[in-house]
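Line by line, the protein sequences give chains G and D.
Counting from 185, one number per residue, gives the positions in the first sequence under my numbering.
Counting from 185, one number per residue, gives the positions in the second sequence under my numbering.
Even for Gly, the Cβ is constructed at its ideal location relative to N, Cα and C.
As the structure is a prediction and not an experimental result, all values here were calculated from the model.
Inspection log for the structure reproduced underneath, given as structure tokens.
2 protein chains.
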Amino acid sequence: TIEVKDLYKIYSLEGVEIHAVNGITINIEDGEFVSIMGQSGSGKSTLMHIIGCLDKPTRGSAKIDGQEITDLTENELADFRLDKIGFIFQTFNLIPRASALKNVELPLIYAGVSRAERRERATKMLESVGLGDRLSSRPTQLSGGQQQRVAIARALINNPKIIFADEPTGNLDSKSGTEIMAILDSLHEQGKTVILVTHEAEVAEHANRLIRLFDGKVIEDGPIKAN
Amino acid sequence: TIEVKDLYKIYSLEGVEIHAVNGITINIEDGEFVSIMGQSGSGKSTLMHIIGCLDKPTRGSAKIDGQEITDLTENELADFRLDKIGFIFQTFNLIPRASALKNVELPLIYAGVSRAERRERATKMLESVGLGDRLSSRPTQLSGGQQQRVAIARALINNPKIIFADEPTGNLDSKSGTEIMAILDSLHEQGKTVILVTHEAEVAEHANRLIRLFDGKVIEDGPIKAN
Ligand SMILES: Nc1ncnc2c1ncn2[C@@H]1O[C@H](COP(=O)(O)OP(=O)(O)OP(=O)(O)O)[C@@H](O)[C@H]1O
Ligand SMILES: Nc1ncnc2c1ncn2[C@@H]1O[C@H](COP(=O)(O)OP(=O)(O)OP(=O)(O)O)[C@@H](O)[C@H]1O
Ligand SMILES: [Mg+2]
Ligand SMILES: [Mg+2]
């Protein structure tokens, strides 16, 4: 369960305050599939980073499974995240000098998984996103959509309970996009919580709930009206 | 005019050859608006980089306004590009430590434009993409879609004759995406050549011609069937 209460993230830039998240209260139950939409700059990635345990709020409360994440140290936050959360970044955040395989193995290295097992699991995951023939390629040797798929594989490798996906199909053609959404649908059917930022209505419609942000606030929160 | 003949771009990776561009011949007249679509990894960005004078082919010919670009040195290619071409990158390629304003001024600095004039032109361009209040922000202080808009502003600042746009709305909500497409439409109406990679059909339909790639080859080339 994710419980967010009166959440604020305020940046100070040369005397101006940017209220990236400007008073958000939402609850997300285990097993929900939620889409988050909103204009560029409305606070989607910032909100995702805070509830994904990658960033701390300026004030307010964010509880994941009862744990107040604002109480955790940087290291405790990292452990908590490794255990429960998979995060697909809007800008991929791959390690440029490491192969696709190594990039996907990274969370398993942190989790202390044996070399043989992590090699096998990372290989299978890259095959499932259509990159089985590019295991040794580095990010600069991959297309935009291929890099996005490596980022997706890495986010899912630890079998996380909660998946945050920040525009996961933004660089994918409709066929690859459909394959990725099928993976997210099947994870949802297995009981995972999926929180997805997208600006494409057909992608958003895979979820059963839509939260819309505007200027750091929630302006809409309810069931998705599928077409 | 862009004349591409028997173009190949082949990468060698550990004994395997990747034919990113695998025999392409196309002509694009001045003032055309062309969409390029195709699966992830089909060669769109690679083709764009070669005809946008950012990369050289393995073999084959690419002429822009009669100039064979494979004959140019790195420096000559850079001058040619600065003068004729604006390129919006799929992964933005902004200078991380420079402000949005400085990033957009960069082509004008290379072109020897006076400080006062480039400051004014870069400011106007950033205002036209909705970032007039973020001139001093650095890329890491901007959302994904805001970074994309800085990349767009920078590509257009030199008033280029040919605009290459590699998924320019991939990180933009529908409202910002519509504003960007309106800018590209108006540049086309002014007589510019626009070549646009996208995976979204509604974006592709702004063009009057569609080229579809598959495994580094052209499999479709003709008028766009608008809905
Ligand atoms: N430096 C490189 N070394 C090896 N292979 C490369 C390199 N750059 C690109 N490739 C490969 O060339 C092929 C075409 O890449 P390209 O970036 O042109 O695809 P794309 O159509 O733009 O894909 P996307 O829609 O995912 O952005 C891909 O298989 C890619 O992995
Ligand atoms: N480090 C920072 N310093 C200052 N402002 C920031 C910083 N990070 C984000 N912002 C600002 O906070 C606001 C919200 O950013 P956020 O990345 O959450 O938007 P978003 O909804 O994900 O947008 P997009 O759809 O463009 O990705 C934006 O105005 C952004 O510029
Ligand atoms: Mg974002
Ligand atoms: Mg590409």
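Rounded to whole angstroms, the Cβ separation of aspartate 350 (chain G) and phenylalanine 273 (chain G) is 6 Å, and the two are in contact under 8 Å.
Those residues of the region 212–228 of chain G placed with their C-beta closer than 9 Å to a C-beta in chain D are Met221, Gly222, Gln223, Ser224, Gly225, Ser226, Gly227 and Lys228, ordered along the chain. For histidine 383 (chain D), there is no enclosing beta strand (DSSP E), as DSSP gives it neither H nor E.
For isoleucine 208 (chain G) and tyrosine 195 (chain G), the gap between their C-alpha atoms comes out near 16 Å.
When CB distances to chain G are screened at a threshold of 7 Å, the residues of the region 352–380 of chain D falling below it are Gly354, Asn355, Leu356, Asp357, Ser358, Lys359 and Ser360, in chain order.
Distance from the Cα of glutamine 223 (chain G) is smallest, within the candidate group G:Glu311, G:Lys401, G:Phe348 and G:Lys345, for G:Lys401. Residue pairing of serine 312 (chain D) in beta bridges, as defined by DSSP: absent, with no partner found. When only Cα atoms are considered, isoleucine 269 (chain G) and aspartate 249 (chain D) end up about 52 Å apart. The beta-bridge partner set that DSSP reports for tyrosine 294 (chain G) is empty. Between glutamine 274 (chain D) and chain G, the shortest Cβ-Cβ separation is below 9 Å. With respect to chain D, the C-beta atom of glycine 244 (chain G) has no partner C-beta closer than 9 Å. Annotated three-state conformation of asparagine 206 (chain G) is strand, per DSSP. Proximity of glycine 328 (chain G) to chain D, defined by a Cβ-Cβ separation below 9 Å, is satisfied.
A distance criterion of 8 Å places the beta-carbon of alanine 204 (chain D) in contact range of ligand 1, judged by its closest non-hydrogen atom. Closest by C-alpha distance to threonine 324 (chain D), out of G:Lys240, G:Ser229 and G:Leu315, is G:Ser229. Beta bridge pairing from DSSP links glutamine 223 (chain G) with no other residue. When the five nearest sequence neighbours on each side are left out, the beta carbons in the same chain lying within less than 6 Å of the beta carbon of phenylalanine 217 (chain G) are those of His372, Val378, Ala391 and Asn392, in order along the chain. Secondary structure at glutamine 251 (chain D): strand, using DSSP grouped into helix, strand and coil. For isoleucine 336 (chain G), the enclosing alpha helix (DSSP H) covers residues 328–340. Counting the other CB atoms within 10 Å of its CB gives serine 327 (chain G) a total of 16 or more, which places it among the buried residues. Residue burial is scored here from C-beta neighbours: arginine 281 (chain G) has fewer than 16 other C-beta atoms within 10 angstroms and is therefore classed as exposed.
The Cβ atoms of leucine 368 (chain D) and leucine 380 (chain D) sit closer than 9 Å to each other. For glutamate 351 (chain D), the Cβ falls inside the 8 Å cut-off from some heavy atom of ligand 1. Beta-carbon to beta-carbon, valine 387 (chain G) and valine 334 (chain G) are separated by about 19 Å, too far to satisfy the 8 Å threshold.
Within 8 Å of the CB of glutamate 404 (chain G), no CB atom of chain D is found; the nearest one sits about 14 Å away.
Secondary structure at lysine 345 (chain G): coil, using DSSP grouped into helix, strand and coil. Each residue's CA atom was taken as its position, placing glutamate 301 (chain G) and alanine 385 (chain G) some 38 Å apart. In this structure, serine 321 (chain G) has its beta carbon at no less than 8 Å from each heavy atom of ligand 4.
Chain order gives the chain G residues near glutamate 198 (chain D) as Ser320, where near means a beta carbon separation below 7 Å. Annotation for phenylalanine 264 (chain D): the continuous alpha helix (DSSP H) segment containing it runs 258–268.
Taking 8 Å as the cut-off, the C-beta of glutamine 330 (chain G) counts as close to a heavy atom of ligand 1. Within the model, the alpha-carbon separation for isoleucine 220 (chain G) versus threonine 185 (chain D) is close to 43 Å. A direct Cα-Cα distance of roughly 50 Å separates arginine 243 (chain D) from isoleucine 202 (chain G). Contact with chain D is found for histidine 383 (chain G), since one of that chain's Cβ atoms lies less than 9 Å from the residue's Cβ.
Distance check between isoleucine 293 (chain G) and each of G:Leu231, G:Arg338 and G:Val313 places G:Arg338 closest, using alpha-carbon atoms only.
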